[in-house]
Every structure is written in C-alpha cells, then in structure tokens.
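Written below as structure tokens is the structure these notes are about.
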Amino acid sequence: MSVEVHRRRGESFDSMLRRFGRKVQMSGRIIQAKKIRFHRRPKSPALVRAAALKREQKKGYLAYLEKIGKLDEELEKMKAKKRFRRR
12 MSVEVHRRRG ESFDSMLRRF GRKVQMSGRI IQAKKIRFHR RPKSPALVRA
62 AALKREQKKG YLAYLEKIGK LDEELEKMKA KKRFRRR
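Okay, here's the thing in structure tokens:
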C-alpha cells in the first residue's frame, strides 16, 4: 500500500514532489504514523503486580528509616547511587 507518483512529461521536480506530498496526506499515512509513534504495549499483570510490591516494600523501608531517624542518610545514598548509574 505504498504511494507512487510518476513524473509527467514536462513536469518539474518540485511540482511532482508537491503532488506526492498531497497524495501521502490524502492516504492518511502520516496521521497513522503519528498515532502509533508513542504506543507502548500494555504490561502483563504479573509485571504490574511485581512493580506494586516493590513500591510497597520501598515505602515500608523508608517509613522504618524515618522512624529510627536514619532517613536522611539513606536518601543521600540513594541520590549518589542514582547519579553514579546515569554516567
């Protein structure tokens, strides 16, 4: 389903290119490409569940650290780890 345009006799390249662009727009290819450009496949329920469990564990761990007064130290470690990972 490709769009083809053949050069007519005496037709300049610019007018042929304009005709091609018009045909591509009318075919809806550009709109379709823009729609699916950032599409992500849905995650499996097992992955969603695992991510939720990990978040809950981290939330509990941070609450525990806050309770014992060591939250600031741990947050600094996490920030340093993140910075190191980016490089």
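Residue numbers (the numbering used here): 12 to 98.
Note that beta-carbon positions come from the ideal geometry of N, C-alpha and C, so glycine has one too.
With a contact defined as Cβ atoms closer than 8 Å, M27 and V16 qualify at about 6 Å. At a Cβ-Cβ threshold of 8 Å, L82 and L73 count as neighbours.
For the pair E85 and L76, the CB atoms are nearer than the 8 Å cut-off. In the DSSP assignment, V14 falls outside any alpha helix (DSSP H), carrying neither H nor E. With respect to V35, I41 sits close: the two C-beta atoms are nearer than 8 Å.
In this structure, DSSP gives P56 a helical state, which the three-state scheme calls helix.
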